[in-house]
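**Q** Here it is: the structure, laid out below.
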Ligand SMILES: Nc1ncnc2c1ncn2[C@@H]1O[C@H](COP(=O)(O)OP(=O)(O)OP(=O)(O)O)[C@@H](O)[C@H]1O
Ligand SMILES: [Mg+2]
């Protein structure tokens, strides 16, 4: 009933096209995370949906309704602003009740829903306070409460946690997840924090330079990044990349070793004989081997960082540097020479020139 | 549709103002030029300017306007700078003093002239005090055409007293843009502080100083009622002559000629400051 | 090691004395004329010619003020001044505030030119506006009316008001307004419910600033009227043939509202005069 559909939406500021024909379909009740580096157009896309920015091309639909030319208030959306935008001249109660009052609801219902929202976000004790008397986290909760009491079918949140300290962020993240399970509004959640994206999203839409480059469930985004940019953007530390060249037999020579691609890719590789190629693999998908075997490469340990839950190794492979994550009890020291085993199933191969994943 | 309207919104919000400014500022200025340069039959003439220049008061009016400018503007800037630097140390009670120093902001030059009249008049407070201190036997005639320099001095004092507050607020606003590290709260009068003020603060304050100079210079050309209050027509000034030609002599042409002259001086002074103080309009806060 | 608060160095103490000494001297310089003109306005009329004069209000009297207020034309001129100032406030804010809002919120073609034009129009000498307008007002029956004076005062105040209000509106974050819009407000409602309350203190200060401009303006008011004088025009035209005590009372009377208003908007002094009267 309230899916969201962007149809080749374009937004131009002056001479720069900030949103480049974005098409995206979000299901009813879905929690969609918009993820991307700073300045890629996340906020702008959200504002186009909210009606705060008029689009220069394409259509925006909410449910079956074309809202492209509607004013913000006619779109039946609720939005949490990046800066909270809590009204400083109103109490917490009046802030939360603001949208309800605009709908001219009976005062009993306004009261009831406002209290309900305050309770949901644990603001009941602060209803009489002014925003200046609240902490950043509390203000942020007011902004969320103000949006959700609208009971709008669409909820937009623009980096709502970006101004919070790490601990509060962790807490709020869980609260938001619980909240969504409760109210089930179709949600678009903007962030450039990939952990937040992975933990919250039903699906993640990764934006780069005004375009959506991949839209999928979190584990697919993580395991099968559509291109080098996404692999390098998601994960701490991000995916490792090594240069290679395709051999006549379909295997790939990386440095002095040969790696065999997964069997499903053999056809694709046959056509690339002699071409350079990019090998992408996550630090946790590399294992140490005691001796040379199939799909191993010799590596030199440069740095060992014990990080509690795992050890992070920085290794030199040929002229390139990669990160490897191993179990905390793995005995390893810097300056050691080891063999690294690459699991062919976990390797993401990419075109060396375009960075696009080979499927 | 919505977007069309949206893009017209700022213009429609500004339209009343622009209309008003056009009707009551732009058009009158054209008309002032017409008044000044047109004869009764509508042909171009310099007669009004000739009449203006031939008048005995003209030379004096020019002279005194510029003399006032030369004496008042620096005095204001120095006084205002002292006030602003003092306030900016944020000593205990500085807001109280700021309020006091700012009072003349809201006082008209006419009222300022009258206040100082009470001081400088023959049986005024200054003579009273000097007498009580045993300095003077008989009142000194500050405001007599026989003591023109004294009379001139009273005008300088009254106008400086009034407009120093304006300069102070401009300078203080400018000071607040300068990082606090440059100031030591405790010893404003230490040698180090003096050096710092001269070589660090003043250069940083230059845009504000320049602003203040421009504004005070522009308004100095309009000095009028403070002079009237203290000196009547004994000391003529340009704006006062314009007033006289209009009100007393019923001659709008010459009055407009004076107004045009004041405008020319205003524009020239602004140009001069921008040209020779070498600060761009943006730097001076004109953006 | 930091020097303890209790052990002030002599140098520090001397510095403090010099600081407060200078501050007090400058304050006396500012206050003395105000005190003395008040003293003169609240003595008897005869005391004006007393010699030497007492410096303390030993013979306090409302005689002079009463004489002034009862002089023909004065009360009317006070009324006129108030009306002109109120009309100026209403007119310049109603006309100027939307313009200030536009400059604060929108990007549009010609914005720079308009801002520059407003800045320039602040510089024009009053004479060059008042004299031609007096001629025109004669033709359209606005001469010698307080409405004509108010029109000129509005024109004089407008550039200031636009620039001041633009500054005020810039201070109200745009996303508050947008949040209101997503919560069901149209543009006007968002302005009334969110922007107005937040801008109100600043707008009140701007209104008072405008009042001061109008209340003090003398050149145009004198040129544009004959009988319907405002207070400054009344006092100015009577200067040459009025007794000293009349002038003192008039001067004092003009100063009083100024004192009150400066006190009311003391928080905004720097924003109004410091940043704006560039
Ligand atoms: N009103 C505007 N006028 C001109 N350019 C704009 C405007 N708003 C945004 N931009 C530009 O559009 C691009 C995208 O901006 P946007 O705010 O959507 O980025 P974002 O992805 O939300 O970034 P962040 O993560 O930093 O919030 C930026 O390059 C920005 O400079
Ligand atoms: Mg953003």
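Residue numbers (this note's numbering), protein chains in the order written: chain U, 10 to 368; chain P, 33 to 319; chain A, 1035 to 1312. By construction, the Cβ of each residue, glycine as well, lies at the ideal position given by its N, Cα and C atoms.
Less than 8 Å between the beta carbons of residue 1267 of chain A and residue 1255 of chain A, yes or no?
**A** Against a cut-off of 8 Å, the Cβ pair of residue 1255 of chain A and residue 1267 of chain A comes out as a contact.
**Q** Would you say residue 23 of chain U touches ligand 1, meaning its beta carbon is less than 7 Å from a heavy atom?
**A** It does: the Cβ of residue 23 of chain U is within 7 Å (strictly closer) of some heavy atom of ligand 1.
**Q** Are the beta-carbon atoms belonging to residue 15 of chain U and residue 211 of chain U less than 8 Å from one another?
**A** Their beta carbons are not under 8 Å apart, which means residue 15 of chain U does not touch residue 211 of chain U by this criterion.
**Q** Could you tell me the boundaries of the beta strand (DSSP E) in which residue 87 of chain U lies?
**A** Unbroken beta strand (DSSP E) run through residue 87 of chain U: 86-89.
**Q** Please return the same chain residues whose Cβ sits closer than 7 Å to the Cβ of residue 19 of chain U, not counting the five positions on each side in sequence.
**A** If we look at residue 19 of chain U and ignore the five residues flanking it on each side, its Cβ neighbours are 26, 28, 29, 30, 64, 65, 66 and 67.
**Q** Taking Cβ-Cβ distances shorter than 9 Å, what residues in chain A pair up with residue 254 of chain P?
**A** Chain A residues near residue 254 of chain P: 1159, 1160, 1161 and 1253.
**Q** Report the residue from P:189, P:69 and P:249 whose alpha carbon sits nearest the alpha carbon of residue 300 of chain P.
**A** Selected option, being the one with the closest Cα: P:249.
**Q** Using 8 Å as the limit for Cβ to Cβ distance, is residue 218 of chain P near chain A?
**A** Any reading at residue 218 of chain P must be qualified, since the residue scores a pLDDT of 39, below 50, and its modelled position is unreliable; the value itself is stated next. Interface residue, yes.
**Q** Is there a Cβ from chain U that is less than 8 Å from the Cβ of residue 1138 of chain A?
**A** Chain U contact via Cβ: absent.
**Q** Give every residue of the same chain whose Cβ lies closer than 7 Å to the Cβ of residue 1114 of chain A, excluding the five residues on either side of it in the sequence, and list them in chain order.
**A** The residues are 1180, 1262, 1263 and 1264.
**Q** List the residues of chain U that residue 1228 of chain A touches, going by C-beta distances under 7 Å, in chain order.
**A** In chain order: 96.
**Q** Any heavy atom of ligand 2 closer than 7 Å to the beta-carbon of residue 91 of chain U?
**A** Yes, the Cβ of residue 91 of chain U comes within 7 Å of a heavy atom of ligand 2.
**Q** According to the Cβ coordinates, are residue 159 of chain P and residue 168 of chain P closer than 8 Å?
**A** Yes. Within cutoff.
**Q** Should residue 289 of chain U be labelled buried (16 or more other beta-carbon atoms within 10 Å of its own) or exposed?
**A** Classification for residue 289 of chain U: buried.
**Q** CB of residue 1211 of chain A to nearest heavy atom of ligand 2: below 7 Å?
**A** No, ligand 2 has no heavy atom inside 7 Å of this Cβ.
**Q** With a threshold of 8 Å between beta-carbons, can residue 163 of chain P be considered close to chain A, or not?
**A** So, interface residue.
**Q** For residue 333 of chain U, which beta-bridge partners are listed by DSSP?
**A** Note: residue 333 of chain U sits in a beta bridge opposite U:322.
**Q** For residue 1256 of chain A, decide whether its Cβ has a neighbour in chain P, counting only Cβ atoms nearer than 8 Å.
**A** Yes - at least one Cβ of chain P is within 8 Å of the one on residue 1256 of chain A.
**Q** With three or more beta-carbon pairs closer than 8 Å as the criterion, would you say the segment 1218-1236 of chain A touches the segment 1082-1093 of chain A?
**A** The segment 1218-1236 of chain A vs the segment 1082-1093 of chain A: no contact.
**Q** Mind listing which residues of the segment 133-150 of chain P have their C-beta closer than 7 Å to chain A's C-betas, in chain order?
**A** Residues 133, 134, 135, 136, 137, 138, 139, 140, 142, 143, 146, 147, 148, 149 and 150.
**Q** In terms of residue numbering, what span does the beta strand (DSSP E) encompassing residue 384 of chain U cover?
**A** This structure cannot speak to residue 384 of chain U, because chain U is shown only from 10 to 368.
**Q** Please list, in chain order, the chain A residues whose beta carbon lies closer than 9 Å to that of residue 86 of chain U.
**A** Under the 9 Å cutoff, chain A gives 1216.
**Q** Please report the distance separating the alpha-carbon of residue 221 of chain P from that of residue 1045 of chain A.
**A** Residue confidence is low: residue 221 of chain P scores 49 on pLDDT, short of 50, so the model does not pin down where it sits. Its coordinate-derived value is still stated next. Going by the C-alpha atoms only, they are around 10 Å apart.
**Q** Check each residue of the segment 247-262 of chain U: if its Cβ is closer than 7 Å to any Cβ of chain A, include it; give the result in chain order.
**A** Those would be none; no residue qualifies.
**Q** Is there a Cβ from chain P that is less than 8 Å from the Cβ of residue 1182 of chain A?
**A** No, no contact with chain P.
**Q** In chain U, which residues lie with their C-beta within 7 Å of the C-beta of residue 1231 of chain A?
**A** Neighbours of residue 1231 of chain A on chain U, chain order: 98.
**Q** Beta-carbon distances below 5 Å to any heavy atom of ligand 1 define the shell here; list its residues in chain order, please.
**A** Chain-ordered list of matching residues: U:22, U:27, U:47, U:48, U:49, U:50, U:51, U:52, U:53 and U:201.
**Q** Which same chain residues, not among the five before or five after residue 158 of chain U, have their C-beta less than 8 Å away from its C-beta?
**A** Closer than 8 Å at the Cβ level, and outside the excluded window around residue 158 of chain U, lie 105, 106, 108, 109, 122, 123, 125 and 126.
**Q** Going by alpha carbons, who is nearest to residue 330 of chain U out of U:307, U:317, U:340 and U:336?
**A** The shortest C-alpha separation from residue 330 of chain U is found at U:307.
**Q** Work out the CA separation of residue 238 of chain U and residue 47 of chain U for me, nearest whole Å.
**A** Cα-Cα distance, rounded: 14 Å.
**Q** Near residue 22 of chain U, what residues of its chain come up, given a Cβ to Cβ distance below 7 Å and the 5 sequence neighbours on each side ignored?
**A** The answer is none, since no qualifying residue turns up.
**Q** Using a threshold of 8 Å, state whether the C-beta atoms of residue 1166 of chain A and residue 211 of chain P are closer than that.
**A** No, the Cβ-Cβ distance between residue 1166 of chain A and residue 211 of chain P is not below 8 Å.
**Q** Taking Cβ positions only, does residue 1207 of chain A come closer than 8 Å to chain U?
**A** At least one chain U Cβ lies under 8 Å of residue 1207 of chain A.
**Q** Counting only C-beta atoms, is residue 112 of chain U closer than 8 Å to chain A at any point?
**A** It does; some Cβ of chain A falls within 8 Å.
**Q** Rounded to a whole number of angstroms, what is the C-alpha to C-alpha distance between residue 1236 of chain A and residue 1306 of chain A?
**A** Roughly 9 Å between the two C-alpha positions.
**Q** Any heavy atom of ligand 2 inside 7 Å of the beta-carbon of residue 329 of chain U?
**A** Outside the cutoff, so no.
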